[in-house]
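Engineer: Please find one structure pasted underneath; my questions will follow.
Number of protein chains: 2
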Amino acid sequence: MVSIKQIAADIGVSAATVSNALTGKGRVSEEMARRIRLRAEELGYRPNVTARALKRGQTGILGLVMPDLTNPLFPRIAQSLSEAADARHLGILIADSRGSAGEQRNAMRRLIDRGVDGLLVVPQKGSAPEAQAVPMVVINTASDPQNTVSSDHVGGGHLIGTHIAELGHRSVVLLGGDAVSEVQQDRIAGMRAALSGRAESAVRWGAAGIEDLPALIRDGATAVLTTSDHLALQVQSALAQAGFSVPRDVSLTGFDDLPLATAMHPALTTVAQNVPEIAMRAIDAICARIAGAPASADSQTVPTRLVQRASTRSLHPTDPT
Amino acid sequence: MVSIKQIAADIGVSAATVSNALTGKGRVSEEMARRIRLRAEELGYRPNVTARALKRGQTGILGLVMPDLTNPLFPRIAQSLSEAADARHLGILIADSRGSAGEQRNAMRRLIDRGVDGLLVVPQKGSAPEAQAVPMVVINTASDPQNTVSSDHVGGGHLIGTHIAELGHRSVVLLGGDAVSEVQQDRIAGMRAALSGRAESAVRWGAAGIEDLPALIRDGATAVLTTSDHLALQVQSALAQAGFSVPRDVSLTGFDDLPLATAMHPALTTVAQNVPEIAMRAIDAICARIAGAPASADSQTVPTRLVQRASTRSLHPTDPT
DNA sequence: ACTGAAAGATTAATCGTTAAATCAAGCAAG
DNA sequence: CTTGCTTGATTTAACGATTAATCTTTCAGT
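Note that the protein sequences, when read in sequence, are chains W and H.
Those letters in the first sequence? Residues 1 to 321, per our numbering, in order.
Those letters in the second sequence? Residues 1001 to 1321, per our numbering, in order.
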């Protein structure tokens, strides 16, 4: 590897001058700077980030802690984050807090030991990551008000609930995957709020909830609102087996707008999170904190968007289909 | 941050001694070592990996380059890799080569500039990443014979093909997503080989291929074998619209065993890649290379596994269902 | 011609850790 | 009593880049 010294020796100048020329910081004659840049180019010089990091006290690396790397949302978050980080010349080191809040702490610790400048944490369901030696930004859980960037899950639920109410549904089942998840609680809460006064709603959770569906539909429910697309696909399968067709017999909605939402038939009405926006804000926030901004008490909420497709049907006699 | 020097000053000993005591390398009396470890513990000392990396010339970080971070397989690869790397106290820095082979080169370059000790590359469809200044291991494309760890895609296709032939299907459609992908070509090739002499097979690609299916089925095709689960879900949707039911009218298979394979109905017969094994071997290989082993010319192939579910049906009159 | 400032470059120290070389005792053997 | 070995610890230098402080020239102004 070619170092600054070799360029210096090559040209017959001191290492400091080379550094100055290349970073444009000190005082170097334009003529000399030109020669140095030329030689650096010729030798294919690349600054040693490790040395620079040691001197500066910053590594230019961000740690990303996910509750479960196999989370279907992870790819999109990782990509958007990676893109936003890239634009700031930051790297992203990943870590998985599989399962427990304890593992989450370990993961954070490992990243900090590696010298990351900041931590982006998508918290384990039902856990609030504690403050650390480095700036931290929490993604996607509004429950912790400190330094959080989150989708407006309540608002998203509200969007779906309103949509369903306007279609004329009067008896609705709200189905969540795991009651421990605050995100899913928020989504359900939004749905309930929107439906309140306009329709009856029953809340169910998990696999047991799916089993209850046929009976609930026979009792008059005309729509099933789930907290994730994956869950919606499972519901569709279960309903098909029980002889119910979507959207003819029952309307169905998901959450997240995963790729499978358009692959399944009927295409799923769902709520899309603005992942790139969340990523951008998260990176903005962590960079601000790294640059010295104080921990802000207020959390940022990013609006969600209703994606209307073919899995929901109007019950108004005047409407088509 | 507490450094080795502070511990040294605290105890009244030289920095080198502290380093020796903590790493167990030089000669230190057991008594002194005990005191040093104790004090380090008290102060919550954590070695500065940046300084260590500078001295050692190794960062302990691996770069992972993916063709597209939103690839549905990415989560599992990332998790398995992360786990295997963790066990060796290595970190994983991610990079996305979105779209082009050119971006792939940039991504590799950025990671190398960051001082990664090695590169794990899942190549862009149809591109062979060129050798770099650091050890590299290519994942999942056997086409490049150098330092490659790959699933046995041909074997996987063979597994599916054999399964379908044994069920008594005599006219089969093979459907790929993108003909540029060598992985998908391999899968199709394996299917053809297994079916050869036992059944007629027609190959189709992409969206246009999906549109052809109803006609092909009316012409007598009884099974559709796809190169990915996601594609299979799309096919199922399209067939349902055209009035065909899986597996009653036509058998359907996927590839990769994504979560959606069990969520859809009927549950999808597919081929599972042994992702943890691939990850382990990839990490093993890259570590060996980093430790100085020469680039091995032979590629490692990891067997795949047939996952038989409900989307394929036997045509033998004697069999049930 | 002398002073002072400005430009252009060099020195030396530093970031935290480590490896090699060196040094000082203690002790056994000749 | 000296030589030589072992043990325990210290000094020194280095990894590569950066930066404050310092040194030389050059040149404008009086």
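Think of the CB as a built atom: it goes at the ideal place given N, C-alpha and C, for glycine as much as any other residue.
Say whether chain W places a C-beta atom closer than 8 Å to the C-beta of residue 1172 of chain H.
Structural biologist: no
Engineer: For residue 307 of chain W, which residues of its own chain have a beta-carbon under 6 Å away from its beta-carbon, when the five flanking residues on both sides are left out?
Structural biologist: 257, 270, 272
Engineer: Which of the residues in the stretch 1235 to 1251 of chain H, read from start to end, lie with their CB under 7 Å from any CB of chain W?
Structural biologist: 1237, 1240, 1241
Engineer: Counting contacts by CB-CB distance shorter than 8 Å, is residue 121 of chain W in contact with chain H?
Structural biologist: no
Engineer: Relative to the C-alpha of residue 123 of chain W, which candidate in W:134, W:115, W:113, W:149 has its C-alpha closest?
Structural biologist: W:149
Engineer: Strictly under 8 Å for the Cβ-Cβ distance: is residue 181 of chain W near chain H by that measure?
Structural biologist: no
Engineer: Considering residue 1226 of chain H, what are the terminal residues of the beta strand (DSSP E) in which it resides?
Structural biologist: 1223 to 1226
Engineer: Looking at the secondary structure, which residues open and close the beta strand (DSSP E) in which residue 203 of chain W lies?
Structural biologist: 200 to 205
Engineer: Report yes or no: is there a C-beta of chain W within less than 8 Å of the C-beta of residue 1075 of chain H?
Structural biologist: yes
Engineer: Going by CA-CA distance only, name the one from W:6, W:46, W:237, W:42 that's closest to residue 23 of chain W.
Structural biologist: W:46
Engineer: Hey, would you say residue 133 of chain W sits closer than 8 Å to residue 112 of chain W, going by beta carbons?
Structural biologist: A contact, by the Cβ cut-off of 8 Å.
Engineer: For residue 1057 of chain H, which of W:51, W:60, W:62 has the nearest alpha-carbon?
Structural biologist: W:51
Engineer: State the start and end residues of the unbroken beta strand (DSSP E) segment that holds residue 64 of chain W.
Structural biologist: 61 to 66
Engineer: For a contact meaning CB atoms closer than 7 Å, what does residue 1094 of chain H contact in chain W?
Structural biologist: 78, 82, 92, 94, listed in chain order.
Engineer: On the premise that residue 251 of chain W lies in contact with residue 312 of chain W, defined as a C-beta separation below 8 Å, what is that separation, rounded to the nearest angstrom?
Structural biologist: 4 Å
Engineer: Of all the options H:1231, H:1137, H:1268, H:1215, which has the alpha carbon lying nearest to the alpha carbon of residue 1244 of chain H?
Structural biologist: H:1215
Engineer: Identify whether residue 1115 of chain H lies in helix, strand or coil by the three-state DSSP scheme.
Structural biologist: In this structure, residue 1115 of chain H counts as coil in the three-state DSSP scheme.
Engineer: To which residues of the same chain is residue 1206 of chain H closer than 7 Å at the C-beta, ignoring the five residues directly before and after it?
Structural biologist: 1177, 1178
Engineer: Any Cβ of chain W within less than 8 Å of the Cβ of residue 1140 of chain H?
Structural biologist: No, its Cβ sits nowhere closer than 8 Å to a Cβ of chain W.
Engineer: Can you find a CB in chain W that lies within less than 8 Å of the CB of residue 1295 of chain H?
Structural biologist: no
Engineer: When you compare each of H:1175, H:1187, H:1190, H:1063 to residue 1208 of chain H by their alpha carbons, which one comes out closest?
Structural biologist: H:1175
Engineer: Can you check whether the CB of residue 153 of chain W is closer than 8 Å to the CB of residue 172 of chain W?
Structural biologist: In this structure, residue 172 of chain W keeps its C-beta atom at 8 Å or more from the C-beta atom of residue 153 of chain W.
Engineer: Note down, in chain order, all residues in the stretch 101 to 129 of chain W with a beta-carbon under 7 Å from any beta-carbon belonging to chain H.
Structural biologist: 113, 114, 115
Engineer: Between residue 1264 of chain H and chain W, is any beta-carbon pair separated by less than 8 Å?
Structural biologist: yes
Engineer: Counting only C-beta atoms, is residue 1051 of chain H closer than 8 Å to chain W at any point?
Structural biologist: Yes, contact with chain W.
Engineer: If I measure Cβ to Cβ from residue 1019 of chain H and keep anything under 7 Å in the same chain, skipping five residues before and after, which residues do I get?
Structural biologist: 1004
Engineer: Under 8 Å, Cβ to Cβ, is there at least one residue of chain H near residue 67 of chain W?
Structural biologist: It does not: the Cβ of residue 67 of chain W has no partner Cβ on chain H nearer than 8 Å.
Engineer: So within the stretch 76 to 147 of chain W, which uninterrupted beta strand (DSSP E) runs reach at least 3 residues, ignoring any that extend past its ends?
Structural biologist: 91 to 96, 118 to 121, 136 to 139
Engineer: Taking the alpha carbon of residue 1274 of chain H as the reference point, which residue from H:1303, H:1229, H:1158 has its own alpha carbon closest?
Structural biologist: H:1303
Engineer: Check whether the stretch 198 to 205 of chain W touches the stretch 155 to 171 of chain W, counting contact only when three or more Cβ pairs, one atom from each stretch, lie closer than 8 Å.
Structural biologist: yes
Engineer: How about residue 1263 of chain H and residue 1254 of chain H: do their beta carbons lie closer than 8 Å?
Structural biologist: no
Engineer: With DSSP as the reference, please indicate the residues paired to residue 307 of chain W in a beta bridge.
Structural biologist: W:270
Engineer: Please say whether residue 92 of chain W and residue 327 of chain W have beta carbons closer to each other than 8 Å?
Structural biologist: With chain W running from 1 to 321 in the structure shown, residue 327 of chain W is simply not present.
Engineer: Suppose you measure from the CA of residue 218 of chain W to the CA of residue 1319 of chain H; what does that come to, to the nearest Å?
Structural biologist: 35 Å
Engineer: Output needed for residue 16 of chain W: all residues of its chain with C-beta closer than 8 Å, excluding positions within five of it in sequence on either side, in chain order.
Structural biologist: 26, listed in sequence order.
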